[in-house]
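Structure first, then comments.
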Amino acid sequence: DPNDHLAYMRLALSQAHESPPKPSNFRVGALLVDADTGAILSQGYTLELQGNTHAEQCCLMKFSREHDLPEERVGEALPPNTVIYTTMEPCNLRLSGNLPCADRIIRTKNKDGKNAIQKVYLGVKEPEKFVGENQGRTKLEDNGIECIHVPGLEEDILNVATAGHR
Ligand SMILES: Nc1nc(=O)c(N)c(NC[C@H](O)[C@H](O)[C@H](O)COP(=O)(O)O)[nH]1
Ligand SMILES: [Zn+2]
1 DPNDHLAYMR
11 LALSQAHESP
21 PKPSNFRVGA
31 LLVDADTGAI
41 LSQGYTLELQ
51 GNTHAEQCCL
61 MKFSREHDLP
71 EERVGEALPP
81 NTVIYTTMEP
91 CNLRLSGNLP
101 CADRIIRTKN
111 KDGKNAIQKV
121 YLGVKEPEKF
131 VGENQGRTKL
141 EDNGIECIHV
151 PGLEEDILNV
161 ATAGHR
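In this text, residue positions in the sequence shown follow the numbering used here: the first is 1, and each later residue adds one.
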């Protein structure tokens, strides 16, 4: 059921459990979903792919590879009503200096140059441990991408996210 946001967020949380704990980031899980059909297009977790990768980034990279596209052109292969579920709001600044996920989501355009990702469903705000208050949601909404908090899993999400910090 494409509207069972909690079920999708639980799946994203199960992805986060796969992430190797590290003191310098959060363990996050994410899904790309076709909101028209409910189909899961891609799923990913922090550090799943080579390099210092984020969960949302892995979703986009995996889907782009399946469609022989570079990540920045992944929007050309995404269905018109694609949404992303991520246990933690997309980053807007990374201590590593790598491209933040908010920017990756914003640059994901379809063939008509329109946003390929319509909505971001998030489980928690980013704790202010590494980069102060996360401005990702504001940036996403300023670019026409709605951010919706899915309540109910905050404690579990934060426990998993910070497992590498104890
Ligand atoms: N939404 C989100 N998905 C992730 O997969 C992840 N790891 C973070 N984490 C945000 C945090 O701000 C950064 O992990 C630190 O700023 C360190 O930056 P790097 O990850 O080393 O680039 N946030
Ligand atoms: Zn990120």
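Where a beta carbon is used, it is the ideal one built from N, C-alpha and C, also for glycine. Note that the structure is a prediction, hence the values are computed from the model and not measured.
Residue i beta carbon near ligand 2 (any heavy atom closer than 7 angstroms)
| i | result |
| --- | --- |
| histidine 54 | yes |
| proline 127 | no |
| glutamine 50 | no |
| glutamine 57 | yes |
| cysteine 91 | yes |
| cysteine 147 | no |
| proline 79 | no |
Where residue i falls, given that 16 or more other Cβ within 10 Å makes a residue buried
| i | result |
| --- | --- |
| serine 19 | buried |
| glycine 75 | buried |
| glycine 29 | buried |
| histidine 54 | buried |
| serine 42 | buried |
| glycine 136 | buried |
Beta-carbon proximity list for residue i, same chain, < 6 angstroms, skipping 5 on both sides
| i | result |
| --- | --- |
| lysine 49 | Per the sequence shown, residue 49 should be read as leucine rather than lysine. Result list for leucine 49: Cys58, Met61, in chain order. |
| glycine 132 | none |
| lysine 22 | Gly164 |
Heavy atom of ligand 1 within 7 angstroms of residue i beta-carbon
| i | result |
| --- | --- |
| valine 83 | no |
| arginine 137 | no |
| leucine 13 | no |
| arginine 107 | no |
| methionine 88 | yes |
| leucine 95 | yes |
| serine 42 | no |
Cβ pair count under 8 angstroms reaching 3, the segment 108-128 against the segment 140-150: Contact between the segment 108-128 and the segment 140-150 is present, because at least three Cβ pairs lie under 8 angstroms.
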